[in-house]
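J.:
There are 2 protein chains.
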Amino acid sequence: MQLFLTLDAGGTSTRAVVHDATGTCLGYAVGSGGNPTASGVAPVAATMRSTTEQALQRAGAQPAQVCHALAAMAGSTVRLAGVDAGLRDLGVPVPLHLGSDLEAMFFSGTAALDGAALVSGTGAAAIVVAGGVTTGRSDGRGWLLGDVGSGYWIARRVVRAATADLDHRGPRTALTDALLSAAGVTGDRTSDKDALLDQLVSLLYAIPSPGIARFAPLAFDLADTDLIAGDIVEAAAEGLADTVLALGCADASSPLIVGGSVLYHQSGLRSTVTELLRDSDWTGPVHAVSDGTAGAICMNLRRAGVAVDVPTHARIIASLQQVRTNA
Amino acid sequence: MQLFLTLDAGGTSTRAVVHDATGTCLGYAVGSGGNPTASGVAPVAATMRSTTEQALQRAGAQPAQVCHALAAMAGSTVRLAGVDAGLRDLGVPVPLHLGSDLEAMFFSGTAALDGAALVSGTGAAAIVVAGGVTTGRSDGRGWLLGDVGSGYWIARRVVRAATADLDHRGPRTALTDALLSAAGVTGDRTSDKDALLDQLVSLLYAIPSPGIARFAPLAFDLADTDLIAGDIVEAAAEGLADTVLALGCADASSPLIVGGSVLYHQSGLRSTVTELLRDSDWTGPVHAVSDGTAGAICMNLRRAGVAVDVPTHARIIASLQQVRTNA
Chain A
94 MQLFLTLDAG GTSTRAVVHD ATGTCLGYAV GSGGNPTASG VAPVAATMRS
144 TTEQALQRAG AQPAQVCHAL AAMAGSTVRL AGVDAGLRDL GVPVPLHLGS
194 DLEAMFFSGT AALDGAALVS GTGAAAIVVA GGVTTGRSDG RGWLLGDVGS
244 GYWIARRVVR AATADLDHRG PRTALTDALL SAAGVTGDRT SDKDALLDQL
294 VSLLYAIPSP GIARFAPLAF DLADTDLIAG DIVEAAAEGL ADTVLALGCA
344 DASSPLIVGG SVLYHQSGLR STVTELLRDS DWTGPVHAVS DGTAGAICMN
394 LRRAGVAVDV PTHARIIASL QQVRTNA
Chain B
94 MQLFLTLDAG GTSTRAVVHD ATGTCLGYAV GSGGNPTASG VAPVAATMRS
144 TTEQALQRAG AQPAQVCHAL AAMAGSTVRL AGVDAGLRDL GVPVPLHLGS
194 DLEAMFFSGT AALDGAALVS GTGAAAIVVA GGVTTGRSDG RGWLLGDVGS
244 GYWIARRVVR AATADLDHRG PRTALTDALL SAAGVTGDRT SDKDALLDQL
294 VSLLYAIPSP GIARFAPLAF DLADTDLIAG DIVEAAAEGL ADTVLALGCA
344 DASSPLIVGG SVLYHQSGLR STVTELLRDS DWTGPVHAVS DGTAGAICMN
394 LRRAGVAVDV PTHARIIASL QQVRTNA
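Following this line, the structure appears as structure tokens:
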């Protein structure tokens, strides 16, 4: 039996699956993620290696049995080399192939080879897929230059709105107390705003750049009751819809797969993005996926010449669900 | 004759002045600035020491003759300690006192002890001064949380507008070609936007966080001919006016001193901020200063018990102008 090793590396977790050529999952493991840009290649390579080891163990398989290995991850072949070396060291006899994390997200949601994917996690980006390959991309330019509607983008607006409120430069918002509480800042905002702001400044500047994304959920929690929070979520939805529309898809009736921690967990945002796309004549089905693992399995299989049709795709999803439940 | 040593440390340059108790400047030197937050205490201390040495030489004076020393700088007493040690090592027999850089900016513009100062350079902040001391501040919360209308704030909008334009997510703007040219990115935007964006991403993320402020002038260059650039400058002016109004000055007829590289060099921005303040019933005179050096001299003199009245203030300005011309 030909064994496949599929890795899916996201910003917050890394997933390893050992499966066969029919898409039946035999072993599964999850490791700490770690943004490779922030943490460097070595920790990501170490996590990839340890999750691979665990997934193989759970499948009752040896590294030497792996015939096809693929990792879906953001980034370059330089990063891949470090991960590849770790797997070789473990005894995996075949080279690790790199797959796009955005394509993996797309193929998680559909067996089709044409359509688009929109991801909003810490960052945000969209791709258009034609004939099974990425033919265009939009945004994904990082926290400084783009990532409109991402967790970082939303959180930045949250922390700035709270700062402006405390500083009497901006309108009152419930985000302020929510942020002070989430950041662990204590004190009386009426007696000494500067002492409170100094605390907030110290705490938030100590977080490496995209890390403030952790405060994005505050906007969603308060979107229905606070005007400023509602505006932030509305603007995020508009930005994400624009990112999809900028792809200039020839066929707006093809599937749009949406994912990433923000779009997957915030159904309100997902609905608003969908409505905005409908208003712009995007007629295709919109489907949410939790991650790119199933899609990465499809990519690994297709690379080995296995056809992934609708029943195979469904079997992969079901089988993955089962090993996840057991893991 | 009692000699005074006054230092004024800004983000881009450090100034040292040796003067007497009448405010007559005897020696002047300028050194490289360096943001102490970015470069650390040691380089700032080294610059302070070398500019002090030069200013003393030009005044034909010895370090041992210094009776009163004051440095106006952003930041803490921790930073001051490093600078102080360097001056002691040089032979300056008196301790270095710390003055607020924002107060120095205020006192550069007026002999009055009441009023407000607004600074927009790489960052942006405002203070209200009453009886010669700061009694309130607004913004100055840094690039992530505040600094509305600062060089960084403007530049961030410039680079994001250009990125969105290139990515077809945002409107066309002349800022795009201006930025590509300023950043040294070459290529054809019609044939391969992603290759061009990848270059821009690599170049701009390599600049430490507030450093992109260098691109702020692009917005001012194009404000009259490009809608997006005009909107950025207009929003900066509104933000800066709000920062002043948030001070909640009891007396809006007191002087407002404006400074910092952005507000000093961009007279259009200065006029718009002034108009917005006039619309909000701020009636006091608005006066621009290039830096806080004259004000730091005033602070040093006052600390030593010298009264700085209007004629003394005028003499300091004139004398400083003279040593600067000769330097």
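First to last, the protein sequences are chains A and B.
Residues in the first sequence are numbered consecutively from 94, following the numbering used here.
Residues in the second sequence are numbered consecutively from 94, following the numbering used here.
For glycine and all other residues, C-beta sits at the position ideal for the given N, C-alpha and C.
Bear in mind the structure is a predicted one, so any value in this text is a computation, not a measurement.
Please confirm whether residue 336 (chain B) has its beta-carbon closer than 8 Å to some beta-carbon of chain A.
T.: Yes, contact with chain A.
J.: Within 8 Å of any Cβ in chain B, is that where the Cβ of residue 426 (chain A) sits?
T.: A question about residue 426 (chain A) goes unanswered here, because the residues of chain A that appear run from 94 up to 420.
J.: Please state whether DSSP places residue 230 (chain B) in a helix, a strand or coil.
T.: Residue state, collapsed to three classes: strand.
J.: What's the C-alpha gap between residue 255 (chain B) and residue 303 (chain B)?
T.: Using only the alpha carbons, I get a separation of about 18 Å.
J.: So is residue 386 (chain A) in contact with chain B if we call contact Cβ pairs under 8 Å?
T.: No, residue 386 (chain A) lies away from the interface with chain B (no Cβ there is under 8 Å from its Cβ).
J.: For residue 335 (chain B), does the three-state DSSP call read helix, strand or coil?
T.: Residue state, collapsed to three classes: helix.
J.: With 16 other CB atoms within 10 Å as the buried threshold, where does residue 402 (chain A) fall?
T.: Burial call: exposed.
J.: Output, in sequence order along the chain, the residues in the segment 230-243 of chain B whose CB is closer than 8 Å to any CB in chain A.
T.: Hits within the stretch, in order: 230, 231, 232, 234, 235, 237, 238, 239, 241.
J.: When the Cα of residue 293 (chain B) is compared with those of B:283, B:135, B:276, which residue comes out closest?
T.: Nearest of B:283, B:135, B:276 to residue 293 (chain B), Cα basis: B:276.
J.: Is residue 256 (chain B) close to chain A? Criterion is C-beta to C-beta, closer than 8 Å.
T.: Cβ-Cβ to chain A under 8 Å: yes for residue 256 (chain B).
J.: What does residue 253 (chain A) pair with, by DSSP beta-bridge criteria?
T.: DSSP, once it has assigned bridges, lists no residue as partnering residue 253 (chain A).
J.: Would you decide whether residue 371 (chain B) is buried or exposed? Buried here means 16 or more other CB atoms lie within 10 Å of its CB.
T.: Exposed: under 16 other Cβ atoms inside 10 Å.
J.: Which residue comes first and which comes last in the alpha helix (DSSP H) that contains residue 313 (chain A)?
T.: From DSSP, the alpha helix (DSSP H) with residue 313 (chain A) extends over 309-315.
J.: Roughly how many whole angstroms lie between the Cα atoms of residue 122 (chain B) and residue 368 (chain B)?
T.: Cα to Cα, the separation comes out at about 36 Å.
J.: Using a Cβ cut-off of 9 Å, pull out every chain B residue sitting near residue 370 (chain A), in sequence order please.
T.: Near residue 370 (chain A) there are no residues of chain B at all, since even the closest Cβ is about 14 Å away, more than 9 Å.
J.: How do the segment 200-207 of chain B and the segment 172-182 of chain B stand: do at least 3 beta-carbon pairs fall below 8 Å, yes or no?
T.: Cβ pair count under 8 Å is below three, so no.
J.: With 8 Å set as the bound, which would you pick, yes or no: does the beta-carbon of residue 330 (chain A) sit closer than that to a beta-carbon of chain B?
T.: Chain B contact via Cβ: absent.
J.: In whole angstroms, what separates the C-alpha of residue 383 (chain B) from that of residue 257 (chain A)?
T.: Taking the straight line from one Cα to the other gives about 27 Å.
J.: Measuring straight from C-alpha to C-alpha, what distance separates residue 391 (chain A) and residue 305 (chain B)?
T.: Approximately 42 Å between the Cα atoms of the pair.
J.: Let me see if you follow: with CB-CB separation under 8 Å, is residue 253 (chain B) close to chain C or not?
T.: Looking at the structure shown, chain C is missing, and the protein chains on hand are A and B.
J.: Tell whether a beta-carbon distance below 8 Å holds between residue 175 (chain A) and residue 135 (chain A).
T.: Yes; because the gap between Cβ atoms is below 8 Å, this pair is in contact.
J.: Out of A:359, A:195, A:184, A:152, which one is the CA nearest neighbour of residue 165 (chain A)?
T.: The residue with the shortest Cα to Cα distance from residue 165 (chain A) is A:195.
J.: Less than 8 Å between the CB atoms is what I'm expecting for residue 316 (chain A) and residue 322 (chain A), so what's the real figure, rounded?
T.: Rounded, the Cβ-Cβ distance is 5 Å, consistent with contact.
J.: According to DSSP, which residues form a beta bridge with residue 100 (chain A)?
T.: DSSP lists A:109, A:164 as partners of residue 100 (chain A).
J.: Quick one: which chain B residues come within Cβ less than 7 Å of residue 290 (chain A)?
T.: The contacting residues are 234.
J.: Specify, as a first and last residue, the run of the beta strand (DSSP E) that residue 125 (chain B) falls within.
T.: Residue 125 (chain B) -> beta strand (DSSP E) spans 118-125.
J.: Which word fits residue 253 (chain B), buried or exposed, when buried means at least 16 other C-beta atoms lie within 10 angstroms of its C-beta?
T.: So residue 253 (chain B) counts as buried.
J.: Rounded to the nearest angstrom, how far is the Cβ of residue 64 (chain A) from that of residue 108 (chain A), given a contact under 8 Å?
T.: Within the shown structure, residues of chain A are numbered from 94 to 420, placing residue 64 (chain A) beyond reach of any answer.
J.: Do you know offhand how far residue 99 (chain B)'s Cα is from residue 307 (chain B)'s?
T.: Answer to the nearest angstrom: the Cα atoms are 28 Å apart.
J.: Can you have a look at residue 184 (chain A) and say buried or exposed, based on whether 16 or more other CB atoms are within 10 angstroms of its CB?
T.: It is exposed - the Cβ of residue 184 (chain A) has fewer than 16 other Cβ atoms within 10 Å.
J.: Please list, in chain order, all residues of the same chain as residue 138 (chain A) whose beta carbon is under 6 Å from its beta carbon, the five residues on each side excluded.
T.: 175, 176, 179, listed in sequence order.
J.: Where residue 398 (chain A) and residue 161 (chain A) are concerned, what is the direct C-alpha to C-alpha distance, given to the nearest angstrom?
T.: Going from the Cα of residue 398 (chain A) to the Cα of residue 161 (chain A) covers about 11 Å.
J.: Just checking: is the beta-carbon of residue 339 (chain A) within a distance shorter than 8 Å of some beta-carbon in chain B?
T.: True, the Cβ-Cβ gap to chain B drops below 8 Å.
J.: Apart from the five residues on each side of it in sequence, which residues of its chain come closer than 7 Å, Cβ to Cβ, to residue 272 (chain B)?
T.: 251, 252, 255, 308, 311.
J.: Among residues of its own chain, excluding the 5 on either side of residue 167 (chain A), which ones have a beta-carbon nearer than 6 Å to its beta-carbon?
T.: These residues qualify, in order along the chain: 194.
J.: Output, in chain order, the set of chain A residues within a Cβ distance shorter than 8 Å of residue 260 (chain B).
T.: Simply 231, 232, 234, 239, 339.
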